[in-house]
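Enquirer: To start, I am sharing the structure in question, which I have written as structure tokens.
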Amino acid sequence: MAVPRKALAEAKRLEAETLLAAAPLPAGAHAGWARDARASARSRLLEMGAPHRRDEYWKYTSPESLIAKDPGEAAPRADDADPFDGIGRTTLVFVDGVFAPDMSDDPAEAGVEIQPLAEVLAADIHWARDLFGVLEAAGQDPVSRPLATLNTAVAEAGVAIHATGKAGRPVELRYIHRDPGSDVFLRTLVRLEPGAEMTLLESGAAGARFNTCMEVSVADGATFHHVRSQGREHERRAATALFARLGAESTLKSFTLTANGKLTRNEAVLEFTGDDAVAHVAGCAIGDGDFHHDDTVFVTHDAERCESRQVFKKVLRNGAVGVFQGKILVKPGAQKTDGYQISQSLLLDEKSQFNAKPELEIYADDVQCSHGSTSGSVDETSLFYLRSRGVPEAEARDILVLAFLDEAVQEIEDDALADAVRAYVADWMERRRG
Amino acid sequence: MLEIRNLHVALEEEAKPILKGVDLSVEAGKVHAIMGPNGSGKSTLSYVLAGRDGYEVTEGSVSLGGEDILELEPEERAAAGLFLAFQYPVEIPGVSNMVFLRTALNAQRKARGEPEVSAPEFLKLIREKAAELNISSEMLKRPVNTGFSGGEKKRNEILQMAVLEPRMCVLDETDSGLDVDAMKLVANGVNALRDAGRSFLVITHYQRLLDHITPDVVHIMVDGRIVETGGPDLALRVETEGYGDLVKSVA
Ligand SMILES: Nc1ncnc2c1ncn2[C@@H]1O[C@H](COP(=O)(O)OP(=O)(O)OP(=O)(O)O)[C@@H](O)[C@H]1O
Ligand SMILES: [Mg+2]
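Here the protein sequences come in this chain order: A and B. Oh and the first sequence: position 192 is 192 in our numbering, straight run, nothing missing. Oh and the second sequence: position 122 is 556 in our numbering, straight run, nothing missing.
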């Protein structure tokens, strides 16, 4: 039964009001521009309304628990190890969304400039002014992303990273979850100046419910690598948004590993504004049982000769649900665009399910775009081949699952980081062997 | 070594009989060849020996070294020393050839209660065997059979056999698709493994392979049965005369 349009809009607006009323106004000093950005986010949110299950963009994933007053309870896992433990890096730790300096490395060693978000919002820093809420606002067209707007309006914690040269080692934001009822908002700003290079790692569940938004501006010739793991807690919920704008000849590679979690919505919104840039977004999701995982990606080509790749793989068992909504938009004049998109799921039983909505929208004539989506089970012939060589069935299945995921893992450029992800997945599989 | 007695096999899905009473006994140290027209059941026999799903043994028995293997899982048969070189080796993207072989070797050793082979030991072993088969280290690193040419796939099967050192080797048309040089490499690989404790069952359509690997016994399979058994000259006869008379004798 169709809800009248007007009634739906009104319901969404009311819900947005409730959301804003529930979150305290960000305290702390704000520079004029930051105050304006917050205020603009509030009014934009009221205008677009809260996400609603009747929204086309939320067709496969219900936003209700992401906006409910009660964030829900999620048992923290003390044994949720950091997959990047073996990697030399500068780590900044947040416990239930609060920065924990005593558990963190000295940010001065990071090779990039790192400041608390609050500090940046209080000052007159022009790169931050051009970024905070700006990419998020630009990313609202043609589809609204109210959870990110909410983040702009209310998130107080987080870091602002400014890279001016080539960082020697990765920076990790480590999100520890301790309070079973924590409702966490984090905001990350990243600005890479021309030619700069850095790797940002993120890991951990962060809270019972986690709303995080990252805006990344990659200037001409700069390179940004991003690898994150969302922990392996079962009950946590997360809505993440990555907004990136790429200058000429720049590179962005973002990879996300999701193991477990009741609900995950990962949005990535990328825009090419300079020619000859490269952006890859990839992800592996491994879910067992009460698991709903949604990758929603929107790539806009507004420059010539840019390459975008989306590679998303999901392994689903015991009724786990996977969703992929991916779009490549090629604007007029974005000639020689090379766009690739693949989303695949491996369903380990009949109860699990995968919904994919791949889209291409192309307004230039000289482009190369392809997309594909598949859903299947473990290949019996391959399984028999491995077993015929002496590999026991359970181990053989795991090998095939890892092999299935590997196309996405290979999108991680650094071998040590890719191996860390592989090891994490292998452990997850091994724990599930019958 | 391998005793096949009155083996009847039907396809599970269609209840269609394929093997209709195969009797075959391969003694330790011997090389037996099976020839026969397309569709006569040769690959089916090899799959049933290796334990592939989808086939139902309706009658008969198979034992390896005196042990009944029909109830064993494919991996248990492998650990017991059975190896099948596939007619169509399987491509497995995302799994490196090298990792695959080491996992297989160690799984078998573990199943037999033997110590696992260390990474450096394995590397030495595989390099040596690969060199004999003219398999490059680049091929070893590539995903299993992925993008390999037909001949490369067959050589890769023999490499696996050489590393795993089974006692009962079943080769299903390992010669098809091989050029003259590759055929020699494969034949040398097989001959290098021949010894008193190891037996071979070689399925082939051509005398060519048997020129290099001289069989002790040749069987002709027609319509799911062994219809004739003889010495190496039987293969020569088939090569010149075809299966005509043998097929007729069944019909
Ligand atoms: N899974 C299957 N489904 C349907 N038919 C099958 C299946 N497996 C085997 N058959 C049939 O069983 C018969 C024997 O097949 P098999 O592959 O064993 O023959 P073969 O002797 O190896 O032939 P070739 O010389 O062509 O390799 C054929 O008629 C084949 O079509
Ligand atoms: Mg065959």
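Backbone N, C-alpha and C fix where the C-beta goes; we use that ideal spot for every residue, glycine too.
Rounding to the nearest angstrom, what Cα-Cα distance links residue 551 (chain B) and residue 540 (chain B) in this structure?
Expert: Cα to Cα, residue 551 (chain B) sits roughly 6 angstroms from residue 540 (chain B).
Enquirer: For chain B, find out if any of its Cβ atoms is closer than 9 angstroms to the Cβ of residue 93 (chain A); answer yes or no.
Expert: Chain B, which has no Cβ nearer than 9 angstroms to the Cβ of residue 93 (chain A), makes this no.
Enquirer: Tell me the residue span of the beta strand (DSSP E) that contains residue 527 (chain B).
Expert: Where residue 527 (chain B) is concerned, the enclosing beta strand (DSSP E) stretches over 526-530.
Enquirer: Would the beta-carbon of residue 371 (chain A) fall within 9 angstroms of that of residue 341 (chain A)?
Expert: Yes, they are a contact pair.
Enquirer: Which residues in the same chain have their Cβ closer than 6 angstroms to the Cβ of residue 202 (chain A), if we skip the five residues on either side of it in sequence?
Expert: If we look at residue 202 (chain A) and ignore the five residues flanking it on each side, its Cβ neighbours are 173, 228.
Enquirer: Measure how close the beta-carbons of residue 186 (chain A) and residue 153 (chain A) come, nearest whole angstrom, since I'm counting them as under 8 angstroms.
Expert: In fact, because the Cβ distance is near 14 angstroms, the residues do not count as touching under 8 angstroms.
Enquirer: Using the beta-carbon of each residue, find all residues closer than 7 angstroms to any heavy atom of ligand 2 and list them in chain order.
Expert: Cβ atoms closer than 7 angstroms to ligand 2 belong to B:476, B:477, B:521, B:606, B:607, B:637.
Enquirer: Per the DSSP calculation, residue 175 (chain A) is bridged to which residue(s)?
Expert: Answer is A:94, bridged to residue 175 (chain A).
Enquirer: What's the call for residue 469 (chain B), buried or exposed, on a 16-neighbour Cβ count within 10 Å?
Expert: By the 10 Å Cβ count, residue 469 (chain B) comes out buried.
Enquirer: Could you list which residues in chain B have their beta carbon closer than 8 angstroms to that of residue 272 (chain A), in chain order?
Expert: By Cβ distance, chain B contributes nothing, its closest Cβ being about 30 angstroms from residue 272 (chain A), past 8 angstroms.
Enquirer: At 3 residues or longer, and completely inside the segment 48-103 of chain A: list those beta strand (DSSP E) runs for me, N to C.
Expert: Runs found: 90-95.
Enquirer: Buried or exposed: which applies to residue 479 (chain B), given that a residue is buried once 16 or more other Cβ atoms fall within 10 Å of its Cβ?
Expert: Residue 479 (chain B) is buried by the Cβ-count criterion.
Enquirer: Using 8 angstroms as the threshold, is the segment 25-40 of chain A in touch with the segment 120-138 of chain A, meaning 3 or more CB pairs across them?
Expert: A contact exists between the segment 25-40 of chain A and the segment 120-138 of chain A.
Enquirer: Would you say residue 12 (chain A) and residue 68 (chain A) are within 9 angstroms of each other, going by their C-beta atoms?
Expert: Contact flag unset, no.
Enquirer: Around the Cβ of residue 346 (chain A), are there at least 16 other Cβ atoms within 10 angstroms (buried) or fewer (exposed)?
Expert: Residue 346 (chain A) is buried by the Cβ-count criterion.
Enquirer: For the segment 472-506 of chain B, which residues have a beta carbon sitting closer than 8 angstroms to at least one beta carbon of chain A?
Expert: Cβ contacts with chain A come from 484, 485, 486, 487.
Enquirer: Can you give me, in chain order, the residues of the segment 379-391 of chain A that have a beta carbon less than 8 angstroms from any beta carbon in chain B?
Expert: Against chain B - using a Cβ distance shorter than 8 angstroms - the residues of the segment 379-391 of chain A are 380, 381, 382, 384, 385, 386, 387, 388, 389, 390, 391.
Enquirer: Taking only three categories from DSSP, how would you classify residue 388 (chain A)?
Expert: Three-state DSSP puts residue 388 (chain A) in a helix.
Enquirer: Measuring only between beta-carbons, confirm whether residue 413 (chain A) sits less than 9 angstroms from chain B.
Expert: False, the Cβ-Cβ gap to chain B never drops below 9 angstroms.
Enquirer: Any heavy atom of ligand 1 inside 8 angstroms of the beta-carbon of residue 655 (chain B)?
Expert: Flag set: Cβ of residue 655 (chain B) near ligand 1.
Enquirer: From the beta carbon of residue 404 (chain A), is the nearest beta carbon of chain E less than 9 angstroms away?
Expert: The displayed structure is made up of protein chains A and B, and chain E is not among them.
Enquirer: Just checking: is the beta-carbon of residue 537 (chain B) within a distance shorter than 9 angstroms of some beta-carbon in chain A?
Expert: Residue 537 (chain B) counts as touching chain A.
Enquirer: Can residue 447 (chain B) be considered in contact with ligand 1, in the sense that its beta carbon sits closer than 8 angstroms to one or more heavy atoms?
Expert: Residue 447 (chain B) Cβ: within cutoff of ligand 1.
Enquirer: Please tell me whether residue 634 (chain B) has its Cβ less than 9 angstroms away from any Cβ of chain A.
Expert: Output row for residue 634 (chain B): interface = no.
Enquirer: How many angstroms separate the CA atom of residue 30 (chain A) from the CA atom of residue 120 (chain A)?
Expert: Taking the straight line from one Cα to the other gives about 9 angstroms.
Enquirer: Do residue 192 (chain A) and residue 198 (chain A) count as a contact pair if the criterion is CB distance below 9 angstroms?
Expert: Yes; because the gap between Cβ atoms is below 9 angstroms, this pair is in contact.
Enquirer: Nearer than 8 angstroms: is that true of the beta carbon of residue 474 (chain B) relative to any heavy atom of ligand 1?
Expert: At least one heavy atom of ligand 1 is nearer than 8 angstroms to the Cβ of residue 474 (chain B), so yes.
Enquirer: Give the interface partners of residue 526 (chain B) over in chain A, defined as CB-CB distance under 9 angstroms, in chain order.
Expert: Under the 9 angstroms cutoff, chain A gives 379, 382, 385, 386, 399, 400, 403.
Enquirer: Judging by CA-CA distance, which residue of B:447, B:460, B:444 is the nearest neighbour of residue 437 (chain B)?
Expert: For the residues B:447, B:460, B:444, the minimum Cα distance to residue 437 (chain B) belongs to B:460.
Enquirer: Beta carbon of residue 479 (chain B): closer than 8 angstroms to some heavy atom of ligand 1?
Expert: Yes, the beta carbon of residue 479 (chain B) sits closer than 8 angstroms to at least one heavy atom of ligand 1.
Enquirer: For chain B, check one thing: does any of its Cβ atoms lie closer than 9 angstroms to the Cβ of residue 407 (chain A)?
Expert: Yes, because at least one Cβ of chain B sits closer than 9 angstroms to the Cβ of residue 407 (chain A).
Enquirer: Is residue 677 (chain B) helix, strand or coil by DSSP?
Expert: Coil, per DSSP.
Enquirer: Comparing the CB of residue 450 (chain B) with every heavy atom of ligand 1, is any distance shorter than 8 angstroms?
Expert: True, at least one ligand heavy atom lies under 8 angstroms from that Cβ.
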